[in-house]
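Asker: Attaching a single structure in structure tokens format; questions to follow.
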Amino acid sequence: MCLRIVVLGDFQYSKTEVHATELAMDDISSIKPDIVIPLGDYGPGGILGKPEGIEQTSTYIKSINNTNGIVCTIRPILGNHDLQCETGSNLLPHGTMSRKLEEVYALDNHHGVLEFEQFRLFFISVDPQLADSCYFVQECYLTDEHFNEIIKNLEKRPGVPALFFTHAPPIGSGLMTVPHVHVRATNAFLDQNHDPYRWYKLIEKYPEIVMWFSAHYHIGHLHPGSMSNRLGTNFFMCGVHSSVTRDGQRQTRVIDIEKDSVKIRTLDHIQRKLLENTDWEYNGNIIDLVSHKNKIITNNAINNTFYKNGFFINDFANEEDKDSLHIIGGNMQVIRERTAGKPVARIMTSFKTGSGSVIAAGLACSKNGRLFAATDNGYLWEIDTQYGEALGTLRLNEPPVKQFVITDNLVWQICENVITVSNLDDKFHFFREFKNKPSRLTYVMDESVECMWGKSKNSIFAICGGKLYEAKAEDGEIKLKEINIKSNGINEIYEIEEAAGILNTESNYNTELGCNLGLISNIQSGNIYNNKYKNTIHYEKMIIEFRNNKVLMLKDGKLLFSEFRENVSKDNFNDWKEIDVKDYKATAICKLTEDYGIDNVCIAFDCNDSDQVPLFQIWDFSEMGL
């Protein structure tokens, strides 16, 4: 048996480059495929999302069978743009595009399964959303009925490998995204605004799901993040053939399934040839992939090695290296640094998401386990650490976030002279389009707000114009009250009424040594040292304290460690030991909530790569010692 499958990414193109599309179809025809699977988004602007888009693009796709004497099966699915005119309460009646796809390609159903003796192909189209639960029209949404049908089909042939074809990948796949486009729009993953996690649960439960192909990102196959493996499922990103490429690559995936091997290769439409090197290869019968994945799932369940307290555990250490510090890079390579005695820390999870560089003091954790990261390109990303994916952004571009704090389920932001607060329980708290303002409360101050810190679950303290205010989110608005302060005669020190309430905040861990938050607090004296004029832009150091240890991040990105809580000089680092993170530069650090563990911390790194995506690592310091 030898079967060649060609998987086409988004079929968008410019009206002026029809010839390039014709040449790309000739490229596909020349390698003589048995099956061609277009993954959606059909047509140029103006007819994209309309029946005309499906009709026009079918002319080019069907031309594959008109040359080289081949007759292949064409099995397309629908993408998010195909439904943009019918989802929610838009113009076209629900079902318009699926019926057109079935009509043009003579399909019994726009989604379903193609059966073979030793494997199965699952075709999963996007569905239109109901008007009363449509958070964003471009979401890659599936109905519960459609999802349950996939489960029923999976269970019809247990033990038979299943290859999935969807427009967007599931959450937790590990594929690189385009954060400022798809994460910002909350359509980077299947069902991102509804129930994205059901897809990963599907991967966990069914060992039959061994390969998964998706498009949506318009990125080629040369990036390390264009392929991944999670829980024994191999994920592949499929590029585009046209000028809608985001990285200049014009590529199409090719699957060759033979009796004793499975190979994934790239058809390059610039070089106009099938590249010789394989992107991925399995030497063995495809059916063996199921037993291979089943072993991984079983081992993880028995030993609890993949999940612990909701985290991925990346444990690549050999027995002889158990006393090493493990720093796992964004490409999942392992860097091992010998230490004397116990390991300094254990890396619980490592992932790359978002864009830009995380600013100092731009990292915080909420009670619901979400990580928030403010980056220098003006975004405030909300991140699910369990799956290593950014879910959306609470801020877009300019003006950038100067500082943010989290109180219970509220996220407060300072942007110049504006204080905003977002409710994490509100599904509309994300920015999705530049013209679409999210649900949030806003208060405009007369002057720029210098800094703020949390007081209670619905209030913060803020310094503005040399005055101290309490801001409270109440009755659908932000209410402001000035707090009386008096100077003791020194410009940088103020005595503040209600000092105990002000100083009893976890944020003091991050400001103890004076970072750009602008405050140093002294609980014993009840004073606040106003540092706002000393370090308004740069910071020198940031500290995280544990039960018996401290971790220090310096301005140059170095990380220092001390196992002594007392008698350690804050200015003399002779008693501190540097943690070797090789070529990475730490840019932000924060202590996580106790739900993660009492000694867990997140560190953001700059990786100095072309993708400009920060690396996040969750470190467990509970057994730290030198």
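When you line the sequence shown up against this note's numbering, it's residues 655 to 1280, in that order. Ideal Cβ placement from N, Cα and C applies to all residues, glycine included.
Alpha carbon to alpha carbon, how far is A785 from G697? Give it in angstroms, no decimals.
Answerer: Residue mapping note: residue 697 aligns to position 43 of the sequence shown, counting from 1. Residue mapping note: residue 785 aligns to position 131 of the sequence shown, counting from 1. Taking the straight line joining both Cα atoms gives about 25 Å.
Asker: Out of curiosity, what's the CA-to-CA distance linking S915 and I940?
Answerer: One-based indexing of the sequence shown puts residue 915 at position 261. One-based indexing of the sequence shown puts residue 940 at position 286. The straight-line gap from Cα to Cα measures roughly 7 Å.
Asker: Under a Cβ-count criterion, where at least 16 other Cβ atoms within 10 Å of its own Cβ denotes burial, should L1034 be classed as buried or exposed?
Answerer: Working through the sequence shown from its first residue, we reach residue 1034 at position 380. L1034 comes out buried.
Asker: Distance check for I1243 and T1029, CA to CA, integer angstroms please.
Answerer: On the sequence shown, position 375 is the one that residue 1029 refers to. On the sequence shown, position 589 is the one that residue 1243 refers to. Between T1029 and I1243, the C-alpha separation is close to 13 Å.
Asker: Hey, S880 and M865: beta-carbon distance below 8 Å or not?
Answerer: Residue 880 sits at position 226 when you count from the first residue of the sequence shown. Residue 865 sits at position 211 when you count from the first residue of the sequence shown. Taking 8 Å as the cut-off, the Cβ atoms of S880 and M865 do not count as close.
Asker: Within the continuous alpha helix (DSSP H) that includes L657, where are the two ends?
Answerer: Taking the first residue of the sequence shown as 1, we reach residue 657 at position 3. Note, L657: premise wrong, no alpha helix (DSSP H); beta strand (DSSP E) at C656 to L662.
Asker: Who are the Cβ neighbours of Y936 in its own chain at under 6 Å, not counting the five residues just before and after it?
Answerer: Here residue 936 refers to the residue found at position 282 of the sequence shown. V916.
Asker: Quick check on A760: buried or exposed, where buried means 16 or more other Cβ atoms within 10 Å of its Cβ?
Answerer: Looking up residue 760 in the sequence shown gives position 106. So A760 ends up on the exposed side.
Asker: State buried or exposed for T675, treating a residue as buried only when at least 16 other CB atoms are found within 10 Å of its CB.
Answerer: On the sequence shown, residue 675 is found 21 positions in, with the first residue counted as 1. T675 should be labelled buried.
Asker: Quick check on the DSSP output: what are the complete alpha helix (DSSP H) runs of length 4 or more inside the region 893-917, in order along the chain?
Answerer: none
Asker: Quick check on P823: does DSSP put it in helix, strand or coil?
Answerer: Locating residue 823 in the sequence shown gives position 169, where the first residue counts as 1. P823 falls in the coil class under three-state DSSP.
Asker: So the candidates are G749, P730, T727 and C726; which of them puts its Cα closest to the Cα of L737?
Answerer: Locating residue 737 in the sequence shown gives position 83, where the first residue counts as 1. Measuring from the Cα of L737, the nearest candidate turns out to be G749.
Asker: By Cβ distance, which residues of its chain are closer than 8 Å to F770, with the 5 residues on each side in sequence left out?
Answerer: Your numbering for residue 770 matches position 116 in the sequence shown. Leaving aside the five residues that flank F770 on each side, the residues in its chain whose CB is nearer than 8 Å to its CB run, in chain order, L657.
Asker: Counting pairs of Cβ atoms below 8 Å between the region 775-792 and the region 751-767, do you hit three or more?
Answerer: With the cut-off at 8 Å, the region 775-792 and the region 751-767 touch.
Asker: Suppose you measure from the CA of T831 to the CA of P747; what does that come to, to the nearest Å?
Answerer: Walking along the sequence shown from the start, residue 831 turns up at place 177. Walking along the sequence shown from the start, residue 747 turns up at place 93. One C-alpha to the other measures close to 31 Å.
Asker: Under the criterion of a Cβ to heavy atom distance below 7 Å, does S915 qualify as lining the ligand NAD?
Answerer: Because no ligand of any kind appears in the structure shown, any question about the ligand NAD cannot be addressed here.
Asker: Touching or not, the region 856-870 and the region 1035-1042, by the rule of three or more beta carbon pairs under 8 Å?
Answerer: no
Asker: Check for me: the beta strand (DSSP E) holding F1259 runs from which residue to which?
Answerer: Stepping through the sequence shown from its first residue, residue 1259 is reached at position 605. Taken as a continuous stretch (DSSP letters only), the beta strand (DSSP E) holding F1259 covers N1254 to D1260.
Asker: Go to N847, then tell me how far its beta strand (DSSP E) extends in each direction, as first and last residue.
Answerer: The count along the sequence shown starts at 1 and reaches residue 847 at position 193. Element bounds for N847: n/a, residue is neither H nor E.
Asker: Would you mind sorting G1010 into buried or exposed? The rule is 16 or more other CB atoms within 10 Å of its CB.
Answerer: The residue labelled residue 1010 in the question sits at position 356 within the sequence shown. Classification of G1010: buried, given that the 10 Å Cβ count is 16 or more.
Asker: Nearest-angstrom Cα distance between E740 and E912?
Answerer: Indexing the sequence shown from 1 puts residue 740 at position 86. Indexing the sequence shown from 1 puts residue 912 at position 258. In a straight line, the C-alpha of E740 is about 41 Å away from that of E912.
Asker: Could you please give the first and the last residue of the uninterrupted beta strand (DSSP E) stretch that includes P1281?
Answerer: This structure gives no information on residue 1281, because the portion of the chain shown stretches from 655 to 1280.
Asker: Helix, strand or coil for G707 per DSSP?
Answerer: Working through the sequence shown from its first residue, we reach residue 707 at position 53. If DSSP states are grouped into helix, strand and coil, G707 belongs with the helices.
Asker: Per DSSP, what are the beta-bridge partners of G1046 in this structure?
Answerer: The residue given as residue 1046 occupies position 392 in the sequence shown. For G1046, which the question treats as bridged, DSSP gives the partners E1036.
Asker: Could you tell me which of G1042, T920 and T1096 sits nearest to I659, measuring between CA atoms?
Answerer: Numbered from 1 along the sequence shown, position 5 holds the residue referred to as residue 659. Comparing Cα positions, the closest option is T920.
Asker: My understanding is that I691 touches L662, with C-beta atoms under 8 Å, so please give their C-beta distance in whole angstroms.
Answerer: Working through the sequence shown from its first residue, we reach residue 691 at position 37. Working through the sequence shown from its first residue, we reach residue 662 at position 8. Rounded, the Cβ-Cβ distance is 7 Å, consistent with contact.
Asker: So who's on the other strand from I1137, going by DSSP bridges?
Answerer: Here residue 1137 is taken as the residue at index 483 of the sequence shown, counted from 1. DSSP output for I1137 lists L1122 as bridge partner(s).
Asker: According to the neighbour-count rule (16 or more other Cβ atoms, all chains shown, within 10 Å of its Cβ), is T670 buried or exposed?
Answerer: On the sequence shown, position 16 is the one that residue 670 refers to. Flag for T670 reads exposed.
Asker: Among the candidates T952, K1109, K754 and E1070, whose CA atom is the shortest distance from the CA of P705?
Answerer: The residue you call residue 705 lines up with position 51 of the sequence shown. Taking the Cα of P705 as reference, the smallest distance to any Cα among T952, K1109, K754 and E1070 is reached at K754.
Asker: Name the DSSP beta bridge partners of W1273, please?
Answerer: Here residue 1273 is taken as the residue at index 619 of the sequence shown, counted from 1. DSSP, once it has assigned bridges, lists I1001 and V1255 as partnering W1273.
Asker: Using only alpha-carbon positions, find the residue among C1261, D681, F1058 and L1025 that is nearest to E1043.
Answerer: In the sequence shown, counting from the first residue as 1, residue 1043 sits at position 389. For the residues C1261, D681, F1058 and L1025, the minimum Cα distance to E1043 belongs to L1025.
Asker: G879 by DSSP, collapsed to three states: which one?
Answerer: Within the sequence shown, numbered from 1, the residue matching residue 879 stands at position 225. Residue state, collapsed to three classes: helix.
Asker: Relative to the alpha-carbon of A1240, which residue among F1115, I689, N1063 and W1273 has its alpha-carbon at the smallest distance?
Answerer: Here residue 1240 refers to the residue found at position 586 when the sequence shown is read from its first residue. Checking every option, the nearest Cα to that of A1240 belongs to W1273.
Asker: If you follow the alpha helix (DSSP H) that K754 is in, where does it begin and where does it stop?
Answerer: Residue numbering aside, residue 754 sits at position 100 when the sequence shown is read from its first letter. First-last of the alpha helix (DSSP H) with K754: T750 to Y759.
Asker: Beta-carbon within less than 6 Å of N1145's beta-carbon, same chain only, minus the 5 sequence neighbours each way: which residues are those?
Answerer: Indexing the sequence shown from 1 puts residue 1145 at position 491. Interpretation of N1145 is limited by its pLDDT of 42, a score under 50 that renders its predicted location unreliable; the figure taken from the coordinates is listed afterwards. Closer than 6 Å at the Cβ level, and outside the excluded window around N1145, lies no residue.
Asker: For the 8 Å Cβ check, are there 3 or more pairs between the region 677-690 and the region 723-733?
Answerer: yes
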